[in-house]
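Structure first, commentary second.
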Amino acid sequence: MVSSSQNNNKTLHSLLATKLTKLTIPPSSSSSPPQDFDFNDVFGPPTASNDGGASTSFSPSLLVIHNRSHSFVGPSPRFTPTSSSSLLPFTAADSDSEDDENDAVSETLKDEESAVRKFGPWDFEILRVVGKGAFGKVFQVRKKSSDGDEDGDGLYAMKVMRKETVIKKNHVDYMKAERDILTKVVHPFIVQLRYSFQTKCKLYLIMDFMNGGHLFYHLYRQGIFSEDQARFYTAEIVSAVSHLHKCGIVHRDLKPENVLMDADGHVMLTDFGLAKEIDEDSRSNSMCGTTEYMAPEILLSKGHNKDADWWSIGILLYEMLSGQPPFTHANRKKLQERIIREKVKLPPYLTTEAHSLLKGLLQKEPSQRLGSGPSGGDNIKSHKWFKTINWKKLEARELLPKFKPDVTGKECTANFDRCWTTMPLDDSPAPTPTAGEHFQGYTYVAPNTWLSSV
1 MVSSSQNNNK TLHSLLATKL TKLTIPPSSS SSPPQDFDFN DVFGPPTASN DGGASTSFSP
61 SLLVIHNRSH SFVGPSPRFT PTSSSSLLPF TAADSDSEDD ENDAVSETLK DEESAVRKFG
121 PWDFEILRVV GKGAFGKVFQ VRKKSSDGDE DGDGLYAMKV MRKETVIKKN HVDYMKAERD
181 ILTKVVHPFI VQLRYSFQTK CKLYLIMDFM NGGHLFYHLY RQGIFSEDQA RFYTAEIVSA
241 VSHLHKCGIV HRDLKPENVL MDADGHVMLT DFGLAKEIDE DSRSNSMCGT TEYMAPEILL
301 SKGHNKDADW WSIGILLYEM LSGQPPFTHA NRKKLQERII REKVKLPPYL TTEAHSLLKG
361 LLQKEPSQRL GSGPSGGDNI KSHKWFKTIN WKKLEARELL PKFKPDVTGK ECTANFDRCW
421 TTMPLDDSPA PTPTAGEHFQ GYTYVAPNTW LSSV
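Letter by letter, the sequence shown follows residues 1 to 454 of full-length UniProt numbering.
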């Protein structure tokens, strides 16, 4: 009986491997490779039409929101491209070839000894483009159904990164860190990674799709938020960042473009492309982030830790309450000088409690900043501006947002800019890097109850 059972198991595994290696992907319909992509670029430039409901009480200048800076990424700390990897010839095979399928499947079968089913780009139907930037595109996708799936509505955001671009820009470690960090973090206000996989040419991250759009989208349309509305969003962001810090993770790129909103109006932290795991007593010397939100210690190359995130949250809160960051300039060098030297000018119409919180978060000396020290985020949560927040109910998602985005259905993309959602639906071919050893172990499937039955 035991021998018979073992033979049956071997037969089933053999059949599974055979079927997986024969999977095919629909051919790409586009011959022009995408240029730049970053997940925070989901909207693109604001459209000329504006929402009539925008606040005009204090007439904040919205020109700064039109001219957004992009995340600056310093080089990976360990990987240096060799002369062979800097010359990346285009090959006849694209990322959707059968060879790529076999590579993706062989990696998952080799790296994982369990009988859990693995996934690839062929398992997802592309519905919309919702972003484009430095490394590829972000798509709204639907997971194709299969026997035994209990996958909710099956809608996801698929972030696609071109390996040759990642290697050329010396960002290998950042891409690997993003995937690794997302597999470790589970929190009600952090977007969840569901799958990751790769082909010869591309890296794929499959995350929950948030059809409420980005916080930036709603801030731009409203102009400014009331203190009550800003307090709710800031509390959820503080909760998420506090959890990251307890896990030894610093986000390093907190800004409205990296905060999504779900259909109920809760905010969700996303884009961990610059995140880093840092020990409690360690500091990072990387120059990275988005200039308007960078802490002074990053700009001064003094080394930074989790305290830099609290500065960024202070800038984000200031922008929600005034319509623009406290320090702005078209010239990056002069902008950096303002952040380092100038005092923050607080809007006079804000409450005393809001002034107090902003002053605490925007202390230029990290050791004096609210949130620094062993208590961390607990000091921020106990600030008097948050006295109306029940943190246990907030983190249980029992506090209902007063604002809900205009969403017509689960597939609704109305809160994403049309410059993306009207783009052709294709996952374009990409060149194959000459050095392919940089992304070993990239494959991941989030634990789900239904997987055991596949």
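All C-beta atoms in this analysis are idealised placements derived from N, C-alpha and C, irrespective of residue type, glycine included.
Only a predicted model underlies this, so the values are computations on that prediction, with no experimental measurement involved.
TODO: Taking only the alpha-carbon atoms, compute the straight-line gap between LEU394 and LYS384 and give it to the nearest angstrom.
DONE: C-alpha separation (whole angstroms): 16 Å.
Open item on the list: By the three-class DSSP mapping on this structure, what secondary structure does ILE190 have?
Closed with: strand
Task: With 16 other Cβ atoms within 10 Å as the buried cut-off, status of ALA396 - done: exposed
Open item on the list: Give me the DSSP bridge partner(s) of residue 532.
Closed with: Shown here, the chain extends from 1 to 454; a query on residue 532 therefore has no answer.
TODO: May I ask which residues mark the beginning and end of the alpha helix (DSSP H) holding GLY131?
DONE: Looking at the DSSP string, GLY131 is not in any alpha helix (DSSP H); the run it does join, the beta strand (DSSP E), is 124-132.
- [ ] Please go through the same chain and pick out, in chain order, the residues whose beta-carbon is closer than 7 Å to the beta-carbon of ASP123, but skip the five residues on each side of it.
- [x] Answer for ASP123: LYS143, LYS144, listed in chain order.
Task: Distance CB(ASN415)-CB(ASN211) smaller than 8 Å - done: Their beta carbons are under 8 Å apart, which means ASN415 touches ASN211 by this criterion.
- [ ] Report the option in LYS345, HIS187, LYS159, ASP264 whose CA atom is closest to the CA atom of VAL238.
- [x] It is HIS187 whose Cα lies nearest to the Cα of VAL238.
TODO: Please report how far the alpha carbon of GLY418 lies from the alpha carbon of VAL130, in whole angstroms.
DONE: Reading the sequence as shown, one finds Arg at residue 418 and not Gly. Here the C-alpha atom of ARG418 lies approximately 9 Å from the C-alpha atom of VAL130.
Open item on the list: Out of GLY376, MET175, PRO348, which one is the CA nearest neighbour of LEU361?
Closed with: GLY376
Open item on the list: Which same chain residues end up closer than 6 Å to ASP307 when comparing Cβ atoms and leaving out the 5 residues on each side of it in sequence?
Closed with: PRO366, ARG369, SER372
TODO: Identify the continuous beta strand (DSSP E) that holds GLY265 and give its terminal residues.
DONE: Run containing GLY265: none; DSSP gives neither H nor E here.
- [ ] Determine the direct distance from the alpha carbon of LYS276 to that of GLY248, and round the result to whole angstroms.
- [x] 8 Å
TODO: Kindly identify the DSSP beta-bridge partner or partners of ALA157.
DONE: GLN140, MET207
Open item on the list: HIS214 and VAL250 - do their beta-carbons sit closer together than 8 Å?
Closed with: no
Task: Selection from GLU236, VAL138, ILE190 that minimises the alpha carbon distance to residue 460 - done: Since the first and last residues shown for the chain are 1 and 454, residue 460 lies out of range.
Task: Length of the line joining the Cα atoms of VAL185 and PHE216 - done: 24 Å
Task: Rounded C-alpha distance that separates VAL160 from LYS364 - done: 37 Å
TODO: Output yes or no for whether 8 Å exceeds the beta carbon distance between SER312 and ALA330.
DONE: When the beta-carbon positions are compared, SER312 and ALA330 stay at least 8 Å from each other.
- [ ] Output the distance between the C-alpha atoms of GLY265 and TYR233, rounded to the nearest integer angstrom.
- [x] 9 Å
TODO: Please report how far the alpha carbon of VAL172 lies from the alpha carbon of ILE181, in whole angstroms.
DONE: 14 Å
Task: Bridge-paired residues (DSSP) for GLU277 - done: ILE249
Open item on the list: What would DSSP say about ARG283, mapped onto helix, strand or coil?
Closed with: coil
Task: LEU357 versus SER226 - alpha carbon distance - done: 15 Å
Task: Beta-carbon proximity of PRO256 to LEU300, cut-off 8 Å - done: no
Open item on the list: Under DSSP, the alpha helix (DSSP H) around GLY314 begins and ends at which residues?
Closed with: 307-322
Task: Straight-line Cα distance separating ILE315 from THR287 - done: The residue you asked about is not Thr; residue 287 is Met in the sequence shown. Going by the C-alpha atoms only, they are around 18 Å apart.
Open item on the list: Spatial neighbours of HIS243 within its chain, please: C-beta separation below 7 Å, excluding the five flanking residues on both sides.
Closed with: HIS187
Task: Residues of its chain near ASP262, where Cβ-Cβ distance is below 7 Å and the 5 sequence neighbours each way are ignored - done: MET210, GLY212, MET268
TODO: Using three-state DSSP, classify GLN222 as helix, strand or coil.
DONE: helix
Task: Coil, strand or helix - ASP51 by DSSP - done: The pLDDT assigned to ASP51 is 40, lower than 50, so where the model puts this residue is not dependable; a value taken from the coordinates is nonetheless given after this. ASP51 falls in the coil class under three-state DSSP.
Open item on the list: Once DSSP output is grouped into helix, strand and coil, what is the label at VAL166?
Closed with: Looking at VAL166 - three-state DSSP - the assignment turns out to be helix.
TODO: If I'm right that LYS402 touches GLN229 with Cβ under 8 Å, what's the distance once you round it to whole angstroms?
DONE: 6 Å
Task: Residue burial classification, THR408 (beta-carbon count within 10 angstroms, cutoff 16) - done: So THR408 counts as exposed.
Open item on the list: Considering just the uninterrupted stretch of the alpha helix (DSSP H) at SER372, what are its terminal residues?
Closed with: Looking at the DSSP string, SER372 is not in any alpha helix (DSSP H), and its letter there is neither H nor E.
Task: Cβ neighbour criterion (16 or more within 10 Å) applied to ASP309 - done: buried
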